[in-house]
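Colleague: Each number in the working numbering corresponds to the 1-based position in the sequence shown with 634 added.
Note that CB positions come from ideal geometry on N, CA and C, so glycine has one too.
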Amino acid sequence: MAAVYEDKQPYTTAPATSIPSHDTSDEISLQKGDILGQESTDPVLNAKMHLVNNAIDEIGMTPYTWRLFCLNGFGYAVDSQILLIQSIIATYAAYEFQPGFGNGMTIAAYVGMLVGALFWGLSADVIGRKYAFNISLLLSSVFCIVAGASPNWVVLGLFVCLASFGSGGNLVLDTAVFLEYLPSNKQWLLTLMAAWWGLGQLIAGLFAWAFLPNYSCPGDPTETGISCGWDNNAGWRYVWFANGALVFVMSILRITIIRLKETPKFLLGEGKDAEVVEVLQFIANKYHRPCSLTVEKLEECGITNDTTDRHGSLSAHAGSKWSPVEIWVHLRGLFATKKMELSTTLIWFSWLLIGTVTPRPLAETGLAYPLYNVFLPQYLRTRGAQLGGLSEYEQWRNYAIANACGIPSPIVAGLMCRSGWFWGRRGTMIIGTLLTMAFLFAYTQVKSNAQNAGFTSAINFCLHLLAPDPKAPPFETPKQHLLKPVVFRDLR
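1) Which class does V760 belong to by DSSP, given the choice of helix, strand or coil?
2) Suppose only complete runs of 4+ residues qualify. What are the alpha helix (DSSP H) ranges in the segment 871 to 905, listed by chain order?
3) Can you find at least 3 beta carbon pairs, one from the segment 724 to 742 and one from the segment 858 to 870, that sit closer than 8 angstroms?
4) Under the three-state reduction of DSSP, which class applies to Q915: helix, strand or coil?
5) Suppose contacts are defined by Cβ-Cβ distances below 9 angstroms. Is P898 in contact with Y1033 by that definition?
6) May I have the straight-line CA-CA distance separating P852 from E730, to the nearest angstrom?
7) Where does P855 fall in DSSP's three states?
8) Count the other CB atoms, across all protein chains shown, that sit within 10 Å of the CB of A742; report buried if there are 16 or more and exposed otherwise.
9) Apply the 10 Å Cβ neighbour rule to T856 and answer buried if 16 or more other Cβ atoms are within range, or exposed otherwise.
10) Compute the Euclidean distance between the alpha carbons of R1059 and Q732, then round it to the nearest angstrom.
11) Apply the 10 Å Cβ neighbour rule to T942 and answer buried if 16 or more other Cβ atoms are within range, or exposed otherwise.
12) What's the C-alpha gap between A1072 and T1090?
13) Skipping 5 residues on each side, what residues in its chain have a beta carbon closer than 6 angstroms to that of A711?
14) What are the uninterrupted segments assigned as alpha helix (DSSP H) that are 4 or more residues long and contained completely in the segment 763 to 839, given in chain order?
15) Once DSSP output is grouped into helix, strand and coil, what is the label at V1080?
16) What ranges does the beta strand (DSSP E) occupy inside the segment 703 to 758, keeping only unbroken runs of at least 3 residues that lie completely in it?
17) Roughly how many angstroms lie between the CA atoms of R763 and V678, to the nearest whole one?
18) Alpha carbon to alpha carbon, what distance is there between A781 and A879?
19) Compute the Euclidean distance between the alpha carbons of S861 and I722, then round it to the nearest angstrom.
20) Considering D691, what are the terminal residues of the alpha helix (DSSP H) in which it resides?
21) Quick test of the definition: if touching needs 3 or more C-beta pairs under 8 angstroms, does the segment 806 to 813 touch the segment 694 to 710?
22) For P1044, count neighbouring C-beta atoms within 10 Å of its own C-beta (all shown protein chains included) and say buried if the count is 16 or more, exposed if not.
23) From L796 to V789, what does the alpha carbon distance come to, in whole angstroms?
24) Return the Cβ separation of Q715 and I837 in integer angstroms, given the expectation that the two are a contact with Cβ distance under 8 angstroms.
25) By the 10 Å Cβ neighbour count, where 16 or more other Cβ atoms means buried, how is Q672 classified, buried or exposed?
26) How close, in whole Å, do the beta carbons of L914 and C925 come, if the pair is a contact with beta carbons under 8 angstroms?
27) Taking all protein chains shown into account, decide if I891 is buried (16 or more other Cβ within 10 angstroms of its Cβ) or exposed.
28) Taking only three categories from DSSP, how would you classify R1031?
29) Indicate, with yes or no, if the ligand ADP has a heavy atom lying under 8 angstroms from the CB of P1044.
30) What span of residues does the alpha helix (DSSP H) with P1044 cover, start to end?
31) Starting from L932, follow the alpha helix (DSSP H) in both directions and report where the run begins and ends.
32) Quick one: residues in its chain with C-beta nearer than 6 angstroms to the C-beta of C935, no 5 flanking neighbours on either side, listed in chain order?
33) Contact between the segment 1041 to 1056 and the segment 821 to 828: three or more CB pairs below 8 angstroms?
34) Going along the chain, which residues of its own chain have a beta-carbon closer than 7 angstroms to the beta-carbon of E692, five neighbours each way excluded?
Written out as structure tokens, the structure is:
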């Protein structure tokens, strides 16, 4: 199968081993190199995947796909909100609770996201994309709201962890579900969808700007002598309530507006050919689009996961879907061939390293996210204190402006990926990386409040140029959603 991004070409007949079909127009190429050698693992599934991809291309973009773009994109926004909220309110909650370990909440957030990504990413192969997709965001919204009523630091950390558990799992599924319905010539939209991450940051920043300057303690009680409680330090709670309520509304809208059907590619991996055709034909008929895929065409390819003619197959599934053996089967599918093994490893390693410089992705990326974006409020506050003349209101205003600058850059990145002037995704990543590096070095030489705000905004813009690009696999598999969760979030 072809690459997952916009350079993925429609599938055409080629002089290679092909699977029988009704007529020559339906023959599907199994040309080597299409899917990094995946035809050697399960040629039947490979052939069926080609047919399904052709059907999705035939249907094209529909209002259903655009709704997925918007409401899946909000899942991106939620993850960035959760990460930023806990860093935004940490200082003000600490004023009230006087914790012994001030960074405990940041650790709780990342533990929750690590476990959530692993749990929901793997369970999506067990219970299906549909239920994991809907449940994970709903859980996150509930625990966001409850976190605002926390009576102490430990309970707050627990609810932050649980909210992160939901949002971390939700993010894994947002791209997988959207990608599995996306036509090949529109897959550049996956890069564009990263704009929602910036929107989530902006929302968190705006809520902080609205509540914290007006409903917070004047400072640390040990320094000011003024105790902090609900009556004079409720701003951080309002931030949780407001964000949680917004996420809850969006989680309900995802259930009521999208009414997500199980993705065809998950059903295909389960061997449910009739349901695959039913889902695609339903969308085609609803939006008056052509769809020539039939059950007979899929059945002619053979039986998915049939091991009678193959040895060492990846399809030796366990008796129970919840078995560790079954989980291992799903993970092993990402390393089925040498090319897939190399590609999977490079994708994971890229996220690991990108985390050293980016405030974005996704809670699945790497090593040093907290060193910049999670601690950005502290950077702004301490820089403002050093430079002088910056009020609490102005600090949070600058924070919101800096976060807003992360919205247009994925749009620019998407256009750059499509353009022949920037060497596609690779050139876009190189440009974004170099610009980010330059502004990070420049930030260390800030001499004024205007420079402080300007360089922070520039860093946020450039970071989001490079961050959206490596997030999808260069091969297609029913397990592609597993590429992102198994990245070392806990290294943070």
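Modeller: Well, looking at it:
1) Walking along the sequence shown from the start, residue 760 turns up at place 126. Residue state, collapsed to three classes: coil.
2) 898 to 903
3) yes
4) Numbered from its first residue, the sequence shown carries residue 915 at position 281. Helix, per DSSP.
5) For the purposes of this step, residue 898 is identified with residue 264 of the sequence shown, where counting begins at 1. For the purposes of this step, residue 1033 is identified with residue 399 of the sequence shown, where counting begins at 1. The answer is no: Cβ separation not under 9 angstroms.
6) Taking the first residue of the sequence shown as position 1, residue 852 is located at position 218. Taking the first residue of the sequence shown as position 1, residue 730 is located at position 96. For P852 and E730, the distance between alpha carbons rounds to 12 angstroms.
7) Taking the sequence shown and counting its residues from 1, the one referred to as residue 855 is at position 221. Note: P855 maps to helix in three-state DSSP.
8) Indexing the sequence shown from 1 puts residue 742 at position 108. It is buried - the Cβ of A742 has at least 16 other Cβ atoms within 10 Å.
9) To locate residue 856, count along the sequence shown from 1; it is residue 222. The residue is exposed, with fewer than 16 neighbouring Cβ atoms inside 10 Å.
10) Looking up residue 1059 in the sequence shown gives position 425. Looking up residue 732 in the sequence shown gives position 98. Rounded to the nearest angstrom, the two C-alpha atoms are 47 angstroms apart.
11) For this step, residue 942 is matched to residue 308 along the sequence shown. For T942, the pLDDT reaches just 44, beneath the cut-off of 50, and the residue's location in the model is therefore unreliable, although a value from the coordinates is still provided. The residue is exposed, with fewer than 16 neighbouring Cβ atoms inside 10 Å.
12) The residue you call residue 1072 lines up with position 438 of the sequence shown. The residue you call residue 1090 lines up with position 456 of the sequence shown. When rounded, the distance between both Cα atoms is 12 angstroms.
13) Locating residue 711 in the sequence shown gives position 77, counting from the first residue. Once the five neighbours on either side are set aside, the close Cβ partners of A711 are W830, L833 and G834.
14) 763 to 781, 787 to 813 and 823 to 826
15) In the sequence shown, the residue the question calls residue 1080 occupies position 446. Residue state, collapsed to three classes: coil.
16) none
17) What you label residue 763 is simply residue 129 of the sequence shown in a count that begins at 1. What you label residue 678 is simply residue 44 of the sequence shown in a count that begins at 1. Their backbone Cα atoms lie some 22 angstroms apart in a straight line.
18) For the purposes of this step, residue 879 is taken as the residue at position 245 of the sequence shown. For the purposes of this step, residue 781 is taken as the residue at position 147 of the sequence shown. Cα to Cα, the separation comes out at about 12 angstroms.
19) As a working note, residue 861 is residue 227 in the sequence shown. As a working note, residue 722 is residue 88 in the sequence shown. C-alpha separation (whole angstroms): 20 angstroms.
20) Reading the sequence shown from its first residue, position 57 is the one you call residue 691. From DSSP, the alpha helix (DSSP H) with D691 extends over P677 to I693.
21) yes
22) Start at 1 with the first residue of the sequence shown, and residue 1044 comes out as number 410. Counting Cβ neighbours within 10 Å, P1044 comes out buried, since at least 16 surround it.
23) One-based indexing of the sequence shown puts residue 796 at position 162. One-based indexing of the sequence shown puts residue 789 at position 155. Taking the straight line joining both Cα atoms gives about 11 angstroms.
24) Start at 1 with the first residue of the sequence shown, and residue 715 comes out as number 81. Start at 1 with the first residue of the sequence shown, and residue 837 comes out as number 203. Right, their Cβ atoms sit about 6 angstroms apart.
25) Here residue 672 refers to the residue found at position 38 when the sequence shown is read from its first residue. Because Q672 carries a pLDDT of 49, less than 50, the predicted location of this residue cannot be relied on, and the following value inherits that uncertainty. Answer is buried; the Cβ neighbour count reaches 16.
26) In the sequence shown, counting from the first residue as 1, residue 914 sits at position 280. In the sequence shown, counting from the first residue as 1, residue 925 sits at position 291. Their Cβ separation, rounded to whole angstroms, is 5 angstroms, which keeps L914 and C925 in contact under 8 angstroms.
27) Within the sequence shown, numbered from 1, the residue matching residue 891 stands at position 257. It is exposed - the Cβ of I891 has fewer than 16 other Cβ atoms within 10 Å.
28) Counting from one through the sequence shown, the residue named residue 1031 turns up at place 397. Helix.
29) Among the components modelled here there is no ligand, and therefore nothing to report on the ligand ADP.
30) Locating residue 1044 in the sequence shown gives position 410, where the first residue counts as 1. That run of the alpha helix (DSSP H) goes P1042 to R1052.
31) Here residue 932 corresponds to residue number 298 of the sequence shown, with the count starting at 1. That run of the alpha helix (DSSP H) goes V929 to C935.
32) As a working mapping, residue 935 is identified with position 301 in the sequence shown. Cβ within range, chain order: I653, V678, A681 and K682.
33) yes
34) By 1-based counting over the sequence shown, the position of residue 692 is 58. Around E692: P924, C925 and S926.
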